[in-house]
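Residue numbers (full-length UniProt numbering): 1 to 265.
Quick reminder that beta carbons are idealized off the backbone N, C-alpha and C, glycines included.
This one's a predicted model, so the numbers in the text were calculated from it and none came from an experiment.
Shown next, in structure tokens, is the structure this report addresses.
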């Protein structure tokens, strides 16, 4: 009777300790704690006991939704590694992602990392705009959801044209220097800009206005490319040297005219 009781306790002890052993059978880690869209995610780990003919099943979840799944065998030394590029239709939401590795029955390991799609990544830079004979002027900008390819002026319509490549819906914020580009009423008070994206007028938000610059934010949609910001004043086509040459030319003309027609001064 005592032998049976001892045997039962031994069996119960094995049942209780088995899940603990099983959970430590596999490990998992990633090569970083955070990724941006387009980054390479390397998932690796080890199994303490190789089960012949049993593959590892790898799953990646975002807020409970399956993002990616793969299945592969472990190496002879019990290690494994899986590489994936963080991009595609299922890599859409920012936040915490969970990686789950399963090996056989009840052998599961998990780890987490943070992910940011391009629409959440803000790029900040300064663009040097070519202003012809005037020289250049700088426009500070930040953009998410796309990249700035070029900025140029169209003096005929008093416009700053920003050419972007938009991978997602996003926005661009521009700090425009008043001495290069502005929108003024006849009484010299601030006027609103006209914003046109690919031929369609759109609204904008003006966040900061001071004596040196105006900061505006424009929302755009995936696929948009040309943003026209139309004001009322733009830097002259002639720079300081050109104006001096023009002034000399006017004075010379006056002198020639005086000599020819004997106009007294």
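Assuming the contact rule is C-beta atoms closer than 8 Å, residue i and residue j should be a hit. Round their C-beta distance to whole Å, please.
| i | j | result |
| --- | --- | --- |
| residue 54 | residue 104 | 5 Å |
| residue 78 | residue 47 | 5 Å |
Quick check on residue i: buried or exposed, where buried means 16 or more other Cβ atoms within 10 Å of its Cβ?
| i | result |
| --- | --- |
| residue 173 | buried |
| residue 88 | exposed |
| residue 144 | buried |
| residue 75 | exposed |
| residue 45 | buried |
| residue 152 | exposed |
| residue 206 | exposed |
| residue 69 | exposed |
| residue 52 | exposed |
| residue 23 | A caution first: residue 23 carries a pLDDT of 44, below 50, which makes its placement in the model unreliable, though a value can still be read off. With fewer than 16 Cβ atoms within 10 Å of its Cβ, residue 23 is classed as exposed. |
To the nearest angstrom, report how far apart residue i and residue j are at their CA atoms.
| i | j | result |
| --- | --- | --- |
| residue 181 | residue 215 | 12 Å |
| residue 107 | residue 57 | 11 Å |
| residue 189 | residue 40 | 51 Å |
| residue 197 | residue 223 | 11 Å |
| residue 31 | residue 43 | 7 Å |
| residue 201 | residue 138 | 25 Å |
| residue 66 | residue 100 | 11 Å |
| residue 183 | residue 127 | 20 Å |
| residue 118 | residue 226 | 20 Å |
| residue 64 | residue 90 | 12 Å |
| residue 116 | residue 25 | 32 Å |
Just curious, the beta strand (DSSP E) that residue i is in, first and last residue?
| i | result |
| --- | --- |
| residue 219 | 213-220 |
Length at least 3, wholly inside the segment 180-204: the beta strand (DSSP E) runs in chain order: 194-197, 200-202
Residue ranges of each alpha helix (DSSP H) within the segment 93-177, 4 or longer: none
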